[in-house]
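So the sequence shown is numbered by this note's numbering: it starts at 14 and just counts up by one.
Just below is one structure, and these are the notes that go with it.
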Amino acid sequence: MAGIDEQNILTLLNKKIKPGESAKINFNTAKLYTTTAVEVPIIVERSTEPGPVVLITGGIHGDEINGVEIVRQTIAKGINKPAKGTIICIPVVNVFGFLNLKREFPDGRDLNRMFPGAKKGPLASRVAYQFTEEILPVADYCLDFHTGGSSRFNSAQIRIDKNEKELLELAHIFNAPFIVYSKTIAKSYRKSCMNLGKSVLLFEGGKSLDSNKEIAKIGVEGIQRFLSHLGMLREGFTVPKANQKSIIIEDSSWMRAKYSGLLHIKIPIGKKVEKGEYIAIITDPYGEFRHKVTASQTGYIINANQSPIVYQGDAIFHISKG
(Lines of atoms letter the chains of each structure in order from A and count residues from 1; the text may use other names and numbers.)
(Lines give C-alpha, C1' and ligand atoms only; values in the text may rest on other atoms or scores of the structure.)
Protein backbone atom coordinates (compact mmCIF):
# COMPACT_ATOMS: atom_id res chain seq x y z
CA MET A 1 0.00 0.00 0.00
CA ALA A 2 1.34 3.44 -0.91
CA GLY A 3 1.82 6.05 1.80
CA ILE A 4 4.13 7.87 4.23
CA ASP A 5 4.36 6.62 7.83
CA GLU A 6 5.11 8.45 11.08
CA GLN A 7 8.87 8.13 10.53
CA ASN A 8 8.41 9.88 7.17
CA ILE A 9 9.26 6.68 5.30
CA LEU A 10 7.67 6.61 1.86
CA THR A 11 6.28 3.30 0.67
CA LEU A 12 5.79 3.14 -3.08
CA LEU A 13 5.09 -0.09 -4.97
CA ASN A 14 6.20 -2.05 -1.86
CA LYS A 15 9.56 -0.26 -1.75
CA LYS A 16 10.45 1.81 1.32
CA ILE A 17 12.35 5.05 0.71
CA LYS A 18 13.72 6.94 3.70
CA PRO A 19 14.21 10.73 3.91
CA GLY A 20 17.33 11.79 2.01
CA GLU A 21 17.31 8.72 -0.23
CA SER A 22 17.01 8.40 -4.00
CA ALA A 23 15.34 5.50 -5.74
CA LYS A 24 14.44 4.22 -9.18
CA ILE A 25 11.43 1.94 -9.03
CA ASN A 26 10.04 -0.09 -11.90
CA PHE A 27 6.28 0.09 -12.29
CA ASN A 28 5.54 -3.29 -13.89
CA THR A 29 2.46 -2.96 -16.04
CA ALA A 30 2.25 -5.92 -18.42
CA LYS A 31 4.23 -7.93 -20.93
CA LEU A 32 4.64 -7.76 -24.68
CA TYR A 33 3.44 -10.61 -26.90
CA THR A 34 6.96 -12.01 -26.63
CA THR A 35 6.54 -12.19 -22.81
CA THR A 36 9.15 -9.43 -22.47
CA ALA A 37 8.33 -7.35 -19.39
CA VAL A 38 7.45 -3.70 -19.93
CA GLU A 39 8.50 -1.47 -17.04
CA VAL A 40 7.78 2.17 -16.33
CA PRO A 41 10.72 3.75 -14.46
CA ILE A 42 9.74 5.99 -11.54
CA ILE A 43 12.45 8.35 -10.27
CA VAL A 44 12.08 9.34 -6.63
CA GLU A 45 14.17 11.98 -4.85
CA ARG A 46 13.66 12.71 -1.15
CA SER A 47 15.04 15.44 1.08
CA THR A 48 15.94 14.93 4.73
CA GLU A 49 13.57 17.80 5.45
CA PRO A 50 9.86 16.92 5.52
CA GLY A 51 7.61 18.62 3.00
CA PRO A 52 5.08 18.07 0.21
CA VAL A 53 5.14 15.27 -2.33
CA VAL A 54 5.08 16.50 -5.94
CA LEU A 55 4.29 14.00 -8.71
CA ILE A 56 5.46 15.05 -12.19
CA THR A 57 4.22 12.98 -15.14
CA GLY A 58 4.62 12.96 -18.91
CA GLY A 59 3.72 10.59 -21.71
CA ILE A 60 0.25 9.52 -20.58
CA HIS A 61 -0.30 9.73 -24.33
CA GLY A 62 2.58 7.85 -25.91
CA ASP A 63 3.08 10.20 -28.86
CA GLU A 64 3.29 13.42 -26.80
CA ILE A 65 7.05 13.86 -26.78
CA ASN A 66 7.21 17.40 -25.39
CA GLY A 67 5.88 16.24 -22.03
CA VAL A 68 8.45 13.47 -21.89
CA GLU A 69 11.21 15.96 -22.69
CA ILE A 70 10.09 18.40 -19.98
CA VAL A 71 10.21 15.69 -17.30
CA ARG A 72 13.52 14.37 -18.70
CA GLN A 73 15.15 17.81 -18.48
CA THR A 74 13.83 18.25 -14.95
CA ILE A 75 15.68 15.07 -13.95
CA ALA A 76 18.81 15.71 -16.03
CA LYS A 77 19.29 19.19 -14.55
CA GLY A 78 18.77 17.99 -10.99
CA ILE A 79 15.69 20.15 -10.49
CA ASN A 80 13.97 17.05 -9.10
CA LYS A 81 16.28 16.91 -6.06
CA PRO A 82 14.21 18.80 -3.49
CA ALA A 83 15.27 21.13 -0.69
CA LYS A 84 12.43 19.59 1.29
CA GLY A 85 9.79 16.98 0.71
CA THR A 86 9.70 14.50 -2.15
CA ILE A 87 9.64 14.74 -5.94
CA ILE A 88 8.46 11.76 -7.99
CA CYS A 89 9.08 11.90 -11.75
CA ILE A 90 7.56 9.57 -14.32
CA PRO A 91 8.71 10.74 -17.77
CA VAL A 92 6.76 8.09 -19.73
CA VAL A 93 3.58 6.73 -18.17
CA ASN A 94 2.31 5.05 -21.35
CA VAL A 95 5.42 3.12 -22.36
CA PHE A 96 3.38 0.92 -24.73
CA GLY A 97 2.28 3.95 -26.75
CA PHE A 98 5.74 5.50 -26.56
CA LEU A 99 7.34 2.37 -28.04
CA ASN A 100 4.85 2.45 -30.92
CA LEU A 101 4.74 6.26 -31.24
CA LYS A 102 1.00 6.11 -30.73
CA ARG A 103 -1.38 7.98 -28.45
CA GLU A 104 -3.23 4.88 -27.24
CA PHE A 105 -2.42 1.56 -25.61
CA PRO A 106 -2.09 -1.55 -27.80
CA ASP A 107 -5.73 -2.34 -26.99
CA GLY A 108 -6.71 0.89 -28.75
CA ARG A 109 -7.82 2.59 -25.55
CA ASP A 110 -6.83 6.07 -24.41
CA LEU A 111 -5.24 5.76 -20.96
CA ASN A 112 -6.40 9.28 -20.12
CA ARG A 113 -10.03 8.13 -20.45
CA MET A 114 -9.64 5.00 -18.29
CA PHE A 115 -9.04 6.37 -14.78
CA PRO A 116 -9.47 5.32 -12.03
CA GLY A 117 -9.40 2.00 -13.87
CA ALA A 118 -10.47 -1.50 -12.96
CA LYS A 119 -8.43 -4.33 -11.44
CA LYS A 120 -9.75 -6.86 -13.96
CA GLY A 121 -10.48 -4.55 -16.89
CA PRO A 122 -8.69 -4.22 -20.24
CA LEU A 123 -4.96 -3.45 -20.28
CA ALA A 124 -5.20 0.36 -20.16
CA SER A 125 -7.78 0.18 -17.38
CA ARG A 126 -5.57 -2.15 -15.33
CA VAL A 127 -2.63 0.25 -15.63
CA ALA A 128 -4.85 3.18 -14.62
CA TYR A 129 -6.10 1.18 -11.64
CA GLN A 130 -2.64 0.26 -10.42
CA PHE A 131 -1.44 3.83 -10.89
CA THR A 132 -4.42 5.21 -8.96
CA GLU A 133 -4.06 2.69 -6.13
CA GLU A 134 -0.27 2.46 -5.79
CA ILE A 135 1.22 5.81 -6.85
CA LEU A 136 -1.29 8.65 -6.80
CA PRO A 137 -2.23 8.39 -3.08
CA VAL A 138 1.21 9.60 -1.90
CA ALA A 139 1.09 12.84 -3.92
CA ASP A 140 0.04 16.26 -2.64
CA TYR A 141 0.54 18.09 -5.94
CA CYS A 142 0.44 16.72 -9.49
CA LEU A 143 1.95 18.31 -12.60
CA ASP A 144 0.89 16.50 -15.77
CA PHE A 145 2.41 17.40 -19.16
CA HIS A 146 0.64 17.01 -22.51
CA THR A 147 0.66 18.32 -26.08
CA GLY A 148 -2.01 18.99 -28.68
CA GLY A 149 -3.26 15.89 -30.47
CA SER A 150 -2.16 14.96 -33.97
CA SER A 151 -0.95 18.05 -35.89
CA ARG A 152 -2.74 20.58 -33.66
CA PHE A 153 -0.17 22.77 -31.93
CA ASN A 154 -1.17 24.15 -28.53
CA SER A 155 0.27 27.40 -27.32
CA ALA A 156 1.79 26.70 -23.90
CA GLN A 157 -1.04 26.75 -21.37
CA ILE A 158 -2.19 25.50 -17.99
CA ARG A 159 -5.71 24.08 -17.87
CA ILE A 160 -7.77 24.28 -14.70
CA ASP A 161 -11.42 24.29 -13.74
CA LYS A 162 -13.03 27.69 -13.28
CA ASN A 163 -13.59 28.92 -9.71
CA GLU A 164 -10.67 26.87 -8.32
CA LYS A 165 -8.88 29.64 -6.41
CA GLU A 166 -5.94 27.53 -5.21
CA LEU A 167 -5.30 26.12 -8.67
CA LEU A 168 -5.57 29.58 -10.23
CA GLU A 169 -2.90 30.85 -7.84
CA LEU A 170 -0.65 27.87 -8.64
CA ALA A 171 -1.24 28.33 -12.37
CA HIS A 172 -0.16 31.97 -12.13
CA ILE A 173 2.96 30.87 -10.27
CA PHE A 174 3.76 28.32 -12.99
CA ASN A 175 3.31 31.23 -15.43
CA ALA A 176 2.65 29.61 -18.80
CA PRO A 177 1.57 32.22 -21.38
CA PHE A 178 -2.08 31.17 -21.00
CA ILE A 179 -4.38 29.82 -18.31
CA VAL A 180 -7.35 28.12 -19.94
CA TYR A 181 -10.52 27.39 -18.01
CA SER A 182 -11.37 23.84 -19.04
CA LYS A 183 -13.94 21.43 -17.63
CA THR A 184 -12.46 18.24 -16.25
CA ILE A 185 -13.10 15.24 -18.49
CA ALA A 186 -14.71 12.20 -16.89
CA LYS A 187 -12.37 9.23 -16.37
CA SER A 188 -9.27 11.38 -17.01
CA TYR A 189 -6.15 11.34 -14.86
CA ARG A 190 -6.90 14.91 -13.87
CA LYS A 191 -10.36 13.87 -12.65
CA SER A 192 -8.89 11.09 -10.51
CA CYS A 193 -6.43 13.55 -8.98
CA MET A 194 -9.28 15.88 -8.08
CA ASN A 195 -11.41 13.05 -6.68
CA LEU A 196 -8.54 12.15 -4.34
CA GLY A 197 -8.10 15.75 -3.24
CA LYS A 198 -4.83 16.33 -5.11
CA SER A 199 -3.99 19.77 -6.49
CA VAL A 200 -3.37 19.18 -10.20
CA LEU A 201 -2.12 21.42 -13.00
CA LEU A 202 -2.50 20.14 -16.57
CA PHE A 203 0.07 21.61 -18.98
CA GLU A 204 -0.51 21.61 -22.73
CA GLY A 205 2.12 22.72 -25.22
CA GLY A 206 3.14 21.87 -28.77
CA LYS A 207 1.87 18.92 -30.80
CA SER A 208 2.29 15.16 -30.83
CA LEU A 209 5.33 13.47 -32.41
CA ASP A 210 7.28 16.71 -32.16
CA SER A 211 9.96 18.05 -29.81
CA ASN A 212 9.84 21.81 -29.41
CA LYS A 213 12.64 23.58 -27.52
CA GLU A 214 10.57 26.63 -26.61
CA ILE A 215 7.70 24.54 -25.22
CA ALA A 216 10.16 22.44 -23.20
CA LYS A 217 11.79 25.60 -21.82
CA ILE A 218 8.43 27.00 -20.70
CA GLY A 219 7.55 23.69 -19.02
CA VAL A 220 10.86 23.30 -17.16
CA GLU A 221 10.90 26.94 -16.01
CA GLY A 222 7.31 26.58 -14.82
CA ILE A 223 8.30 23.57 -12.72
CA GLN A 224 11.11 25.59 -11.15
CA ARG A 225 8.76 28.44 -10.24
CA PHE A 226 6.23 25.95 -8.85
CA LEU A 227 8.82 24.18 -6.69
CA SER A 228 10.26 27.49 -5.51
CA HIS A 229 6.81 28.55 -4.34
CA LEU A 230 6.60 25.38 -2.24
CA GLY A 231 10.10 25.94 -0.83
CA MET A 232 11.35 22.81 -2.62
CA LEU A 233 13.80 24.28 -5.15
CA ARG A 234 17.37 23.77 -3.99
CA GLU A 235 19.90 26.56 -3.55
CA GLY A 236 21.93 27.14 -6.68
CA PHE A 237 18.91 27.26 -8.96
CA THR A 238 17.81 30.69 -10.11
CA VAL A 239 14.06 31.04 -10.26
CA PRO A 240 13.24 32.07 -13.85
CA LYS A 241 11.57 35.47 -13.98
CA ALA A 242 8.09 35.66 -15.40
CA ASN A 243 8.01 37.59 -18.67
CA GLN A 244 4.43 38.68 -18.13
CA LYS A 245 1.34 37.61 -16.23
CA SER A 246 -0.49 34.61 -17.67
CA ILE A 247 -3.47 35.52 -19.82
CA ILE A 248 -6.70 33.90 -18.64
CA ILE A 249 -8.88 32.34 -21.33
CA GLU A 250 -12.44 31.87 -20.07
CA ASP A 251 -14.05 30.84 -23.35
CA SER A 252 -12.96 29.96 -26.87
CA SER A 253 -14.19 28.50 -30.14
CA TRP A 254 -12.82 26.65 -33.16
CA MET A 255 -12.60 27.98 -36.68
CA ARG A 256 -13.13 25.30 -39.31
CA ALA A 257 -11.89 25.09 -42.86
CA LYS A 258 -14.46 26.23 -45.43
CA TYR A 259 -12.62 24.39 -48.19
CA SER A 260 -10.36 21.37 -48.58
CA GLY A 261 -6.79 21.93 -49.72
CA LEU A 262 -3.29 22.90 -48.65
CA LEU A 263 -3.20 25.00 -45.47
CA HIS A 264 -0.64 27.81 -45.15
CA ILE A 265 -0.64 29.50 -41.71
CA LYS A 266 0.46 33.14 -41.77
CA ILE A 267 0.52 34.13 -38.09
CA PRO A 268 2.41 32.87 -35.00
CA ILE A 269 0.55 30.69 -32.50
CA GLY A 270 -0.27 32.65 -29.36
CA LYS A 271 -0.82 35.92 -31.24
CA LYS A 272 -3.81 38.12 -30.51
CA VAL A 273 -5.73 38.66 -33.75
CA GLU A 274 -8.51 41.04 -34.69
CA LYS A 275 -11.75 39.93 -36.29
CA GLY A 276 -11.25 39.87 -40.06
CA GLU A 277 -7.45 39.70 -39.80
CA TYR A 278 -5.71 37.62 -42.47
CA ILE A 279 -4.34 34.50 -40.72
CA ALA A 280 -3.99 31.75 -43.37
CA ILE A 281 -4.70 30.68 -46.92
CA ILE A 282 -6.07 27.43 -48.34
CA THR A 283 -4.99 26.49 -51.86
CA ASP A 284 -5.43 23.57 -54.21
CA PRO A 285 -2.35 21.63 -55.42
CA TYR A 286 -2.66 22.99 -58.98
CA GLY A 287 -2.27 26.74 -58.53
CA GLU A 288 -5.84 27.53 -59.54
CA PHE A 289 -7.59 28.01 -56.20
CA ARG A 290 -6.68 30.36 -53.34
CA HIS A 291 -8.93 31.09 -50.34
CA LYS A 292 -7.96 33.75 -47.83
CA VAL A 293 -8.75 32.75 -44.21
CA THR A 294 -9.61 35.61 -41.85
CA ALA A 295 -10.16 35.51 -38.09
CA SER A 296 -13.77 34.85 -37.13
CA GLN A 297 -13.41 36.89 -33.94
CA THR A 298 -10.96 38.96 -31.92
CA GLY A 299 -8.90 36.85 -29.54
CA TYR A 300 -5.74 34.84 -28.95
CA ILE A 301 -4.74 31.91 -31.15
CA ILE A 302 -4.29 29.17 -28.53
CA ASN A 303 -4.14 26.28 -31.00
CA ALA A 304 -3.46 25.96 -34.71
CA ASN A 305 -3.68 22.98 -37.04
CA GLN A 306 -0.22 22.57 -38.56
CA SER A 307 -1.25 19.84 -40.95
CA PRO A 308 -0.23 20.86 -44.48
CA ILE A 309 -3.48 19.40 -45.86
CA VAL A 310 -7.01 19.92 -44.49
CA TYR A 311 -10.50 18.87 -45.43
CA GLN A 312 -13.56 21.06 -45.40
CA GLY A 313 -14.84 21.17 -41.83
CA ASP A 314 -11.49 20.42 -40.17
CA ALA A 315 -10.67 22.50 -37.09
CA ILE A 316 -7.87 24.89 -38.06
CA PHE A 317 -7.68 27.57 -35.33
CA HIS A 318 -8.76 27.68 -31.69
CA ILE A 319 -9.40 31.32 -30.78
CA SER A 320 -10.25 32.81 -27.40
CA LYS A 321 -13.35 34.94 -27.09
CA GLY A 322 -12.70 38.54 -26.11
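We treat Cβ as the ideally placed atom computed from N, Cα and C, and that holds for glycine.
Buried or exposed (CB count within 10 angstroms, at least 16 for buried), residue i
{"i": "Thr49", "result": "exposed"}
{"i": "Val41", "result": "A small fix is needed here, since residue 41 is Asn in this sequence, not Val. Exposed, since its Cβ has fewer than 16 Cβ neighbours within 10 Å."}
{"i": "Val237", "result": "Just to set this straight, residue 237 is Gln in the shown sequence, not Val. Gln237 is buried by the Cβ-count criterion."}
{"i": "Ala199", "result": "exposed"}
{"i": "Gly289", "result": "exposed"}
{"i": "Tyr202", "result": "buried"}
{"i": "Ile322", "result": "exposed"}
{"i": "Ala141", "result": "buried"}
{"i": "Phe265", "result": "Per the sequence shown, residue 265 should be read as Ser rather than Phe. Classification for Ser265: buried."}
{"i": "Ser138", "result": "buried"}
8 Å Cβ cutoff met for residue i and residue j
{"i": "Ala255", "j": "Ile329", "result": "no"}
{"i": "Leu136", "j": "Pro150", "result": "no"}
{"i": "Ile278", "j": "Val286", "result": "no"}
{"i": "Gln319", "j": "Ser164", "result": "yes"}
{"i": "Val57", "j": "Ile92", "result": "no"}
{"i": "Asn188", "j": "Gly235", "result": "yes"}
{"i": "Ile262", "j": "Ser309", "result": "no"}
{"i": "Arg116", "j": "Gly80", "result": "no"}
{"i": "Leu222", "j": "Leu114", "result": "yes"}
{"i": "Pro129", "j": "Ser205", "result": "yes"}
{"i": "Ile315", "j": "Phe191", "result": "yes"}
{"i": "Val24", "j": "Ala15", "result": "What sits at residue 24 in the sequence shown is Thr, not Val. Yes, the pair counts as a contact, with Cβ atoms nearer than the cut-off."}
{"i": "Leu181", "j": "Ser212", "result": "no"}
N-terminal and C-terminal residue of the alpha helix (DSSP H) that residue i is part of
{"i": "Glu227", "result": "Lys226 to His242"}
{"i": "Asn79", "result": "Ile78 to Ala89"}
{"i": "Ser195", "result": "First-last for Ser195: undefined, no H or E at that position."}
{"i": "Phe187", "result": "Lys178 to Phe187"}
Helix, strand or coil at residue i [DSSP, three-state]
{"i": "Ala96", "result": "coil"}
{"i": "Gln143", "result": "helix"}
{"i": "Lys133", "result": "coil"}
{"i": "Ile69", "result": "strand"}
{"i": "Phe111", "result": "helix"}
{"i": "Lys204", "result": "helix"}
{"i": "Val252", "result": "coil"}
{"i": "Leu215", "result": "strand"}
{"i": "Leu23", "result": "strand"}
{"i": "Ser138", "result": "helix"}
{"i": "Arg126", "result": "helix"}
{"i": "Leu149", "result": "helix"}
{"i": "Gln170", "result": "strand"}
{"i": "Tyr324", "result": "coil"}
{"i": "Arg344", "result": "This structure does not reach residue 344, given that the chain is present from 14 up to 335, and the question cannot be answered."}
{"i": "Phe40", "result": "strand"}
The beta strand (DSSP E) enclosing residue i, as first and last residue numbers
{"i": "Ile55", "result": "Ala50 to Arg59"}
{"i": "Val106", "result": "Per DSSP, Val106 belongs to no beta strand (DSSP E) and is neither H nor E."}
{"i": "Met268", "result": "Ser265 to Arg269"}
{"i": "Ile247", "result": "Just to set this straight, residue 247 is Arg in the shown sequence, not Ile. Arg247 -> no beta strand (DSSP E), and no H or E assigned at all."}
{"i": "Gly75", "result": "No beta strand (DSSP E) contains Gly75, which DSSP labels as neither H nor E."}
{"i": "Ile292", "result": "Tyr291 to Thr296"}
{"i": "Glu158", "result": "This sequence places Phe at residue 158; Glu is not what is there. Taken as a continuous stretch (DSSP letters only), the beta strand (DSSP E) holding Phe158 covers Tyr154 to Gly161."}
{"i": "Ala317", "result": "Gly312 to Asn318"}
Are the segment 165-174 and the segment 216-224 touching, with three or more C-beta to C-beta distances below 8 Å? yes
Segment contact flag, the segment 248-265 with the segment 61-72, C-beta cutoff 8 Å, min 3 pairs: no
With a cut-off of 8 Å, do at least 3 Cβ pairs link the segment 238-249 to the segment 296-311? no
Pairs of beta-carbons, one from the segment 261-277 and one from the segment 301-313, closer than 8 Å: are there three or more? yes
Whether or not the segment 52-67 and the segment 96-108 are in contact is what I'm after, with contact meaning three or more pairs of Cβ atoms, one per stretch, closer than 8 Å; do they touch? yes
Inter-stretch contact at 8 Å, needing at least 3 Cβ pairs: the segment 81-89 / the segment 101-114: yes
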